[in-house]
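Undergrad: According to our numbering, the stretch in the sequence shown is residues 3 to 265, in order. For glycine and all other residues, C-beta sits at the position ideal for the given N, C-alpha and C.
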Amino acid sequence: MSFQLIEFSIDAGVATIALNRPDRRNAMSDDMRSEFVSALETVTRDNAIKALVLTGRGKSFCAGGDISGMKRRLEAPQGEVAFNGWSRQQGVHRAQSLLLNLPKPTIAAVNGAAAGLGADVALACDFVMGTEHTKFTWSYIKRGLIPDGGGMYFLPRRVGLSKAKELIFTGRVVEADESLALGIMDRKVGSAELLTAARNWAADLAQYSPTALALGKKILNETFEHSAHEIFALGSQAQGICYTSTEHREAVLAFLAQSSSKE
Numbered sequence: 003m004s005f006q007l008i009e010f011s012i013d014a015g016v017a018t019i020a021l022n023r024p025d026r027r028n029a030m031s032d033d034m035r036s037e038f039v040s041a042l043e044t045v046t047r048d049n050a051i052k053a054l055v056l057t058g059r060g061k062s063f064c065a066g067g068d069i070s071g072m073k074r075r076l077e078a079p080q081g082e083v084a085f086n087g088w089s090r091q092q093g094v095h096r097a098q099s100l101l102l103n104l105p106k107p108t109i110a111a112v113n114g115a116a117a118g119l120g121a122d123v124a125l126a127c128d129f130v131m132g133t134e135h136t137k138f139t140w141s142y143i144k145r146g147l148i149p150d151g152g153g154m155y156f157l158p159r160r161v162g163l164s165k166a167k168e169l170i171f172t173g174r175v176v177e178a179d180e181s182l183a184l185g186i187m188d189r190k191v192g193s194a195e196l197l198t199a200a201r202n203w204a205a206d207l208a209q210y211s212p213t214a215l216a217l218g219k220k221i222l223n224e225t226f227e228h229s230a231h232e233i234f235a236l237g238s239q240a241q242g243i244c245y246t247s248t249e250h251r252e253a254v255l256a257f258l259a260q261s262s263s264k265e
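(1) Here's a check: name, in chain order, each residue in its chain whose Cβ is nearer than 8 Å to the Cβ of Glu249, leaving out the five neighbours to either side.
(2) Rounded to the nearest angstrom, how far is the Cβ of Ala126 from that of Gln98, given a contact under 8 Å?
(3) Any idea what DSSP makes of Lys61, helix, strand or coil?
(4) Are three or more beta carbon pairs between the stretch 129-142 and the stretch 177-186 nearer than 8 Å?
(5) For Ala235, count neighbouring C-beta atoms within 10 Å of its own C-beta (all shown protein chains included) and say buried if the count is 16 or more, exposed if not.
(6) Specify, as a first and last residue, the run of the alpha helix (DSSP H) that Gly237 falls within.
(7) I'd like to check one pair, Gly132 with Ala65: are the Cβ atoms closer than 8 Å?
(8) Between Thr44, Arg145, Phe171, Ala194, which lies nearest to Ser11 when the distance is taken from Cα to Cα?
(9) Comparing C-alpha positions only, which one of Pro79, Gly114, Ser40 sits nearest to Gly192?
(10) Look at the Cβ atom of Ala166, then the Cβ atom of Ala53, and state whether they are nearer than 8 Å.
(11) For the candidate residues Arg26, Glu232, Ile8, whose alpha-carbon lies nearest to that of Ile19?
(12) Asn103 and Ser62: beta carbons closer than 8 Å?
(13) Buried or exposed, going by whether 16 or more other CB atoms sit within 10 Å of the CB of Val94?
(14) Let me know if Lys220 comes out buried or exposed under the rule of 16 or more other beta-carbons within 10 Å of its beta-carbon.
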């Protein structure tokens with residue numbers, strides 16, 4: 003598939019998706035979302051891709067939902083607003099679920115402002131890297147809305163419930179240093195090295211068993227929703243699969259051979 007509103011590339015097993023509407027601060031339109039979903043599906047099914055870096059072109063990461071979509075919503079006949087909104091939400095949730103559940107390491111390389119849905123998109127990744135120009139705002143409240151891209155799920159897990167409430171209730175801007183201190187952002191680097199640093203980190207995360215990584219990520223994503231007993235059970239099932247993987251067999255044989263040579 004050819005892309006117009008995103009850039010998609012693969013280098014040494016690391017895929018990079020760049021939101022590419024810099025004149026609109028990479029606001030997420032329906033067309034961009036469709037391309038984004040297609041790219042995420044490609045990353046998911048291509049075994050040669052080991053990790054994903056997500057970034058934005060220009061000075062912003064993502065300004066949130068596209069304003070033209072908001073305008074169409076206001077102009078729709080009253081009897082169609084609710085269903086149109088529900089239908090659009092299905093698209094938002096599909097994209098966010100694909101990103102959250104991608105069975106490979108994901109890093110958001112947040113090159114500038116991540117606002118509203120843009121902030122939610124960043125936090126759907128496993129890790130967030132930014133620069134001195136990175137800032138976040140869950141600005142939905144200023145439009146009379148609530149976070150609809152998973153912000154009410156992701157943000158409390160990073161900053162705690164009360165701080166998440168404060169950031170969502172006020173929609174205030176969180177600058178780079180505060181983002182790092184709160185745990186919204188995991189690493190801060192210089193602007194010139196952001197993409198290289200993110201790709202190197204992604205490659206480092208993806209160097210071991212893709213089977214173990216995918217299964218471990220799935221369980222970790224659900225760990226707050228389950229009891230210890232349930233996590234143990236899920237882990238046992240996943241470990242049974244790992245026992246049969248090529249990566250496990252090769253790693254154990256290499257370890258045994260190394261141990262024998264030292265005797």
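TA: The answer reads as follows:
(1) Tyr210, Ser211, Pro212, Thr213, Ala214
(2) 5 Å
(3) Looking at Lys61 - three-state DSSP - the assignment turns out to be coil, as it is neither helix nor strand.
(4) yes
(5) exposed
(6) 230-245
(7) No, the pair does not count as a contact, with Cβ atoms beyond the cut-off.
(8) Thr44
(9) Nearest C-alpha to Gly192: Gly114.
(10) Cβ atoms of Ala166 and Ala53: not closer than 8 Å.
(11) Ile8
(12) Not in contact: Asn103 and Ser62 (Cβ atoms no closer than 8 Å).
(13) Classification for Val94: buried.
(14) exposed
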